[in-house]
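Here the protein sequences line up with chains A and B, keeping their order.
Residues 583 to 680, numbered by the working numbering, are exactly what the first sequence covers, in order.
Residues -2 to 238, numbered by the working numbering, are exactly what the second sequence covers, in order.
The C-beta atom is built at its ideal place from N, Cα and C for all residues, glycine as well.
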Amino acid sequence: MNDPTTHGASAPAGSEPAAGNVDYRIAHLRDRLAAEELGELGVRAEVRAGAVAVTGTVPSAQCRETLLRIVHEELAGLTVHSDIVVAETTRPDHAEEL
Amino acid sequence: MMRVAAVGDIHMGPDSQGLLRPAFETLPDCADLLLLAGDLTRHGTPEEARVVAQEVRDLPVPVVAVLGNHDHHDEQPEKVTAILQDAGVTVLEGEGTVVECGGRRLGIAGTKGFGGGFVGRSAGEFGEPVMKEFVRTTRRSADSLRGALEALGRQGCDARVALTHFSPVADTLAGEPPEIHPFLGSYLLAEAIDTAGADLAVHGHAHLGTEHGMTAGGVRVRNVAQPVIRRAFNVYRLSAD
C-alpha cells in the first residue's frame, strides 16, 4: 500500500506530481480501506467544496475508529468532513405486510 | 401468514461478537425464519465465519444464507460455508430449501449472484475471455436461481423467496452512484426470478441503496443490507393466499 507520508501537502519537490492529486489520494484511500483490516467497500469519499467528505456506515465502533484513523493518515493536510455511523443492531418494531 | 426476517451485509469480525445476538434471540416473537443475504464477514476468513456462526448458533428459528463477495475474498468460501453449516445454517448456492412456517411451506432459492448491470447499460458476453467469463459467471448464477425456483414450484411450496447477495434490479440501488451499478447486480437475476416466479426477492450488497424495488415482472424486491434497513433485521409477512 501507499506510504501516507509521500502524499502529504509537504511532499518533497521532485516526488511524483500525481501523488499529490486529491483524486488519486482519494482513490488510494479507497484501495487501502478495502485492502487492510476493514475490508471496507461501502464508504464514500468525495470532494465537496474543496474538502473531502467521507460518509457511510460501518459494522462496529472499532471499525469507525480504525476507518477515521486511516482517513486522516491518507488525507493528511486536506480538510476532511466525516459522517461515519455505526450500523444499528436493534430489532424492528414492526413488520411489512406483503 | 409466513414471517420472513432478513438482513445482509452484517460484515462481522472479531470485534462484532454479540452485537446482533440479542436481537436475533427475539426472532421467534416476530418471524418464522431468518435469511442472511451475504457479506456476513469482512474478508471471508474462517475466523470471521466463526464469529457469524456463534452469532446464529442454536437460534430457535431456521437460518438460511447465501454468501457475498466479501465472504469470497479469502478464497475459502467452502470453509466459510462449512463453518456456517456446522452452526446449523443452510447455505444456498444455486439451490433451494423448504422451511415449514406455521403449517405452510416456504421455499427459498439462493445464489450469491454477480454483476453485469441492467438492461440498456449492461456488460455483454463479448470480447476478451475475462469479459466473457464475467458475464458467464452471472448467467450461470441466474440459471441456477431459475432452476432452484422452478424446482421449489414443483414441490408445491405455498410461497417462494429468491435470496441473493447481488441485486436483481436497479430500483434498490437508488442512492448508489449509477456508474457502479454494473458491479452491484444484474438484470439476469431478475429475468430468472420473473421466468420461474417468486413472491419476494431479497438481496444485500448495496449499502447506499434503498429498501424497496420491483422486477419488471412485478416481483417485490427488498434490499436488506444492514446499512440500508438500519436494524438487526427486517420482517416481511407473506400471505400464502
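The DSSP-derived three-state label of V132 (chain B) is helix.
At least 8 Å separates the CB of L650 (chain A) from every CB of chain B.
Distance from the CA atom of E176 (chain B) to the CA atom of D613 (chain A), rounded to whole angstroms, is 18 Å. Taking the CA atoms as reference points, H654 (chain A) sits about 42 Å from T212 (chain B). Boundaries of the beta strand (DSSP E) around A2 (chain B): M(-1) to V4. For the 8 Å CB-CB criterion, L146 (chain B) and A159 (chain B) form a contact. Fully enclosed beta strand (DSSP E) runs of no fewer than 3 residues occupy 60 to 63 and 92 to 98 of the region 34 to 105 of chain B, in order along the chain.
Given a length threshold of 3 residues, each whole run of the beta strand (DSSP E) inside the region 150 to 235 of chain B is given here in chain order: 156 to 161, 197 to 200, 209 to 211, 217 to 220 and 231 to 235. In terms of beta-carbon proximity, H70 (chain B) lines the interface with chain A, with at least one pair separated by less than 8 Å. Judged by DSSP secondary structure, A643 (chain A) falls within the alpha helix (DSSP H) whose first and last residues are A643 to E656.
Judged by pairs of C-beta atoms under 8 Å, the region 115 to 130 of chain B does not touch the region 66 to 79 of chain B, as fewer than three such pairs exist. Neighbourhood of R227 (chain B) in chain A, by CB distance below 7 Å: E670, in chain order.
Neighbours of T23 (chain B) in chain A, taken as residues whose beta carbon is under 7 Å from its own, are R673 in chain order. Secondary structure of E147 (chain B) (DSSP, three-state): helix. Below the 8 Å Cβ cutoff, chain B contributes L205 as neighbours of R626 (chain A), in chain order. Put simply, the backbone Cα of T637 (chain A) is about 9 Å away from that of G624 (chain A). In the displayed model, R630 (chain A) falls within a strand according to three-state DSSP. Boundaries of the beta strand (DSSP E) around H663 (chain A): V662 to V668. In the three-state scheme derived from DSSP, where H, G and I count as helix and E and B as strand, G121 (chain B) is classed as coil.
Taking all protein chains shown into account, P224 (chain B) has 16 or more neighbouring C-beta atoms within 10 Å of its C-beta and is therefore buried. With respect to chain A, the C-beta atom of Q223 (chain B) has a partner C-beta closer than 8 Å.
Assigned with DSSP and collapsed to three states, L142 (chain B) falls in helix. In the structure shown, F111 (chain B) falls within a coil segment according to DSSP collapsed to helix, strand and coil. What E655 (chain A) touches in chain B, judged by beta-carbon distance under 7 Å, is nothing: the nearest beta carbon there is about 20 Å away. For a Cβ distance threshold of 9 Å, nothing in chain B lies close to S664 (chain A): the least Cβ distance comes to about 16 Å. Look at G638 (chain A) here: in three-state DSSP terms it is strand. Per DSSP, P11 (chain B) lies in no alpha helix (DSSP H) and is assigned neither H nor E. In this chain, A677 (chain A) is not harboured by any alpha helix (DSSP H), its DSSP state being neither H nor E. Neighbours of F230 (chain B) across chain A, judged by C-beta separation under 9 Å: R673 and P674.
Non-local beta-carbon contacts of A616 (chain A) in its own chain, meaning distances under 8 Å to residues more than five positions away in sequence, involve E622 and L623 in chain order.
Distance from M9 (chain B) to P674 (chain A) at the Cβ level is roughly 20 Å; contact not present, criterion being Cβ atoms closer than 8 Å.
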